[in-house]
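Asker:
In our numbering, the protein residues as written are 17 to 290.
(1) Any idea if residue 76 is buried or exposed, counting beta-carbon neighbours within 10 angstroms, 16 or more meaning buried?
(2) DSSP three-state call for residue 101: helix, strand or coil?
(3) Mind checking who residue 92 pairs with in its DSSP beta bridge?
(4) Compute the distance between the beta-carbons of residue 172 and residue 112, then report whether it is under 9 angstroms.
(5) Is the Cβ-Cβ distance between residue 236 and residue 131 less than 9 angstroms?
(6) On the DSSP letters alone, give me the boundaries of the alpha helix (DSSP H) that residue 263 sits inside.
(7) Taking one C-beta from the segment 219-234 and one from the segment 248-256 each time, how about it: are there three or more such pairs within less than 8 angstroms?
(8) Does residue 213 pass the burial test, meaning 16 or more other C-beta atoms within 10 Å, or should it be called exposed?
(9) Less than 9 angstroms between the beta carbons of residue 229 and residue 249, yes or no?
(10) Scan the segment 207-249 and note each continuous alpha helix (DSSP H) run of 4 residues or more that stays entirely inside, going in chain order.
(11) Residues in its own chain within less than 7 angstroms of residue 175 by CB, not counting five upstream and five downstream?
(12) Would you mind giving the Cβ-Cβ distance between residue 215 and residue 186, rounded to the nearest angstrom? I have them listed as a contact below 8 angstroms.
(13) With a threshold of 7 angstroms on Cβ separation, who are the neighbours of residue 129 within its own chain once the five nearest residues in sequence on each side are excluded?
(14) What is the DSSP secondary structure of residue 49, reduced to helix, strand or coil?
(15) For residue 78, which residues in the same chain have their Cβ closer than 6 angstroms to its Cβ, ignoring the five residues on either side in sequence?
(16) Locate the alpha helix (DSSP H) running through residue 160, then write down its first and last residues.
(17) Taking only the alpha-carbon atoms, compute the straight-line gap between residue 48 and residue 62 and give it to the nearest angstrom.
(18) If we call anything under 9 angstroms between Cβ atoms a contact, is residue 293 one with residue 262?
(19) What are the boundary residues of the alpha helix (DSSP H) that includes residue 86?
(20) Do you know whose CA, among 84, 90, 86, lies nearest residue 65's CA?
(21) Restricting to Cα atoms, I'd like to know which of 73, 161, 93 is closest to residue 87.
(22) For residue 244 versus residue 258, is the C-beta distance shorter than 9 angstroms?
(23) So what does DSSP say about residue 63, is it helix, strand or coil?
(24) Cβ of residue 110 within 9 angstroms of Cβ of residue 247?
Have a look at this one:
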């Protein structure tokens with residue numbers, strides 16, 4: 017019965033999925049799981065200075081193109097006495113909601129709810145995601161209607177904090193992949209490539225997210241800031257990481273022979289003897 021469990025419908029052998037089988041933890045592999053991710057994280061840390069300048073350049077172009085008021089300012093982030101770098105942030109302000117903001121945002125919520133009612137059955141996951149988004153936004157509307165002056169956050173501080181959190185994610189990506197991806201039988205250069213692509217993609221995504229959030233919050237007031245953060249904030253980076261990880265797990269691994277059943281091993285030995 018044990019052998020029948022691993023035999024496929026066409027008589028072949030069903031091997032375990034790569035996600036359930038890691039490679040042998042040899043000393044060299046353990047070393048690559050520790051040393052290589054640490055080196056990559058150190059490179060990410062050193063790249064934060066030029067990256068901050070690149071973000072500033074990009075945000076200045078976006079502000080000029082969209083006509084957002086304010087300017088792009090720089091703030092110094094210090095990691096103790098060891099390292100410091102500058103990050104840009106938008107000085108664009110966002111008003112507290114006026115009565116027309118409630119009407120506009122409420123109307124958009126009603127429109128989204130109507131869309132979820134007519135979506136086909138195959139879009140059920142999207143339907144539930146949109147309804148959850150409505151729940152978050154309606155909670156924000158109730159909170160602002162109850163105590164409109166109690167919201168402690170401002171748009172400039174939000175944009176700076178968003179990029180600071182993004183830098184922490186960029187630094188952690190090599191370390192997380194070192195523990196979750198590097199143990200598998202995949203060529204080292206592919207592992208480094210996956211880290212590079214994931215970090216690069218998120219590094220480009222972060223300032224674009226900040227610009228979109230700032231534009232929407234500036235025009236729709238602080239009423240939509242909680243939804244921007246909870247629904248389209250760092251969750252997007254998590255989804256990007258998972259997507260790249262899933263793609264990397266589909267890459268070819270180091271060739272290894274599939275497991276053979278006992279009878280097949282005997283036939284193979286007999287064929288070799290003949």
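We put the beta carbon where it would ideally sit given N, CA and C, even for glycine.
Answerer: This is what the structure gives:
(1) The residue labelled residue 76 in the question sits at position 60 within the chain shown. Classification of residue 76: exposed, given that the 10 Å Cβ count is below 16.
(2) Taking the first residue of the chain shown as position 1, residue 101 is located at position 85. In the structure shown, residue 101 sits in a strand (DSSP, three-state: E or B).
(3) Counting from one through the chain shown, the residue named residue 92 turns up at place 76. Looking at the DSSP assignment, residue 92 forms a beta bridge with 102.
(4) Counting from 1 along the chain shown, the entry for residue 172 is found at position 156. Counting from 1 along the chain shown, the entry for residue 112 is found at position 96. For residue 172 and residue 112, no; Cβs fall outside 9 angstroms.
(5) As a first step, residue 236 is located in the chain shown; it is residue number 220 there, counting from the start. As a first step, residue 131 is located in the chain shown; it is residue number 115 there, counting from the start. Remark: C-beta atoms of residue 236 and residue 131 do not approach each other more closely than 9 angstroms.
(6) Taking the first residue of the chain shown as 1, we reach residue 263 at position 247. Note, residue 263: alpha helix (DSSP H), 250-265.
(7) yes
(8) Along the chain shown, one-based indexing puts residue 213 at 197. The residue is exposed, with fewer than 16 neighbouring Cβ atoms inside 10 Å.
(9) By 1-based counting over the chain shown, the position of residue 229 is 213. By 1-based counting over the chain shown, the position of residue 249 is 233. The beta carbons of residue 229 and residue 249 sit closer together than 9 angstroms.
(10) 241-248
(11) Residue numbering aside, residue 175 sits at position 159 when the chain shown is read from its first letter. Once the five neighbours on either side are set aside, the close Cβ partners of residue 175 are 105, 106, 226, 230.
(12) Within the chain shown, residue 215 is the residue found at index 199, counting from 1. Within the chain shown, residue 186 is the residue found at index 170, counting from 1. Contact holds; Cβ gap of about 6 angstroms.
(13) Here residue 129 is taken as the residue at index 113 of the chain shown, counted from 1. The answer, listed in chain order, is 150.
(14) Sequence index remark: in the chain shown, residue 49 carries index 33 (1-based). In the three-state scheme derived from DSSP, where H, G and I count as helix and E and B as strand, residue 49 is classed as helix.
(15) The residue you call residue 78 lines up with position 62 of the chain shown. Only 227 meet the Cβ criterion.
(16) Residue numbering aside, residue 160 sits at position 144 when the chain shown is read from its first letter. Looking at the DSSP string, the run of the alpha helix (DSSP H) that includes residue 160 is 140-162.
(17) The sequence position of residue 48 within the chain shown is 32, counting from 1. The sequence position of residue 62 within the chain shown is 46, counting from 1. A direct Cα-Cα distance of roughly 21 angstroms separates residue 48 from residue 62.
(18) There is simply no residue 293 to check, as the chain begins at 17 and stops at 290 in what is shown.
(19) Numbered from 1 along the chain shown, position 70 holds the residue referred to as residue 86. No alpha helix (DSSP H) holds residue 86; DSSP gives it neither H nor E.
(20) Position 49 of the chain shown, counted from the first residue, corresponds to residue 65. Among 84, 90, 86, the Cα nearest to that of residue 65 is on 90.
(21) Translated into positions along the chain shown, residue 87 becomes position 71. If we check each option's Cα against that of residue 87, 73 comes out closest.
(22) Position 228 of the chain shown, counting from 1, holds the residue named residue 244. Position 242 of the chain shown, counting from 1, holds the residue named residue 258. No. Outside cutoff.
(23) As a first step, residue 63 must be located in the chain shown, where it is residue number 47. Of the three classes helix, strand and coil, the one that applies to residue 63 here is helix, per DSSP.
(24) Along the chain shown, read from residue 1 onward, the residue named residue 110 stands at position 94. Along the chain shown, read from residue 1 onward, the residue named residue 247 stands at position 231. No. Outside cutoff.
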